[in-house]
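A.B. asks: Pasting a structure here, questions to come.
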Amino acid sequence: MVTTRYPTRPRTALVQVPKYDLSSWRTRLLTSTVAPMSVQVAAPAHMFTQRFSATRRGARLARYLAVQQLDVWGFPYGGEVSDSAAAIVGELAANAATHGRVPGRDFELRLVKLPGPGRSGTLVIDVADTRTERRPPAPGALVPPSPDSETGRGLIVVAALATSWTVLDRPPVGKIVRAALELPEK
């Protein structure tokens, strides 16, 4: 007979949780949702995803960590790819913190390095926020701000640096601003 300190408390047994193979989910995610614009890629990719507070500090941290991740992937700090990606991430993260901010909600940064056929590949930069009703204008409909204006140049910078960019819906709520940057041959 086993005596316990609390005889009226039911005893619980340890349950073993089965281990799941998540590699098929990762492959499905990479081949269906992160391909740039309309290209489906079945090859393995490098991916970095992080959520940040929708503040100026969160935007600054997103830019810093993006540059660090690119360095890990072989694009050193101060290089052309690193500087272009830092400017794009900085502008999109600042827009998410400024225009896409919802109290209590974060924004998400996703970097995906996709291999390309016959070239080094493409870097896809996604910044997602939860503000559906505040969509930026379409890529071809950007209007330059007046020379005296202190704001309104961020997406113009993104359009100048990125190979392409677009705005997508983020179900169930929100939007994703996606920019693609062609990577040079190494």
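Under our numbering, residues 5 to 190 are what the sequence shown spells out, in order.
No residue lacks a Cβ here, since even glycine has one placed at the ideal position from N, Cα and C.
1. Exposed or buried, which one is Ala164 when buried takes at least 16 other CB atoms within 10 Å?
2. So Leu115 and Phe52 are supposed to be a Cβ contact under 8 Å. How far apart are they, rounded?
3. Around the Cβ of Arg139, are there at least 16 other Cβ atoms within 10 angstroms (buried) or fewer (exposed)?
4. Under 7 Å between the Cβ atoms of Val131 and Leu118?
5. Less than 7 Å separating the beta-carbons of Ile92 and Ile129?
6. Do you know how far the Cα of Gly125 is from the Cα of Arg3?
7. For Asp152, name the three-state secondary structure that DSSP assigns.
8. I think Ala89 touches Ala70, with their Cβ atoms under 8 Å apart; what is that distance to the nearest whole Å?
9. Grab the span of the beta strand (DSSP E) containing Ala142 for me, first residue to last.
10. Start and end of the beta strand (DSSP E) containing Thr170?
11. Could you give the distance in angstroms between the alpha-carbon of Ala63 and the alpha-carbon of Phe111?
12. Below 7 Å between beta carbons: does that hold for Val106 and Thr136?
13. Could you tell me the boundaries of the alpha helix (DSSP H) in which Ala184 lies?
14. So for Gly120, helix, strand or coil by DSSP?
C.D. replies: A quick look at the data gives this:
1. exposed
2. 4 Å
3. exposed
4. no
5. yes
6. A question about residue 3 goes unanswered here, because the residues of the chain that appear run from 5 up to 190.
7. coil
8. 6 Å
9. Element bounds for Ala142: n/a, residue is neither H nor E.
10. Ser168 to Asp173
11. 9 Å
12. no
13. It is not in any alpha helix (DSSP H) - Ala184 instead sits in the beta strand (DSSP E) that spans Lys179 to Leu187.
14. strand
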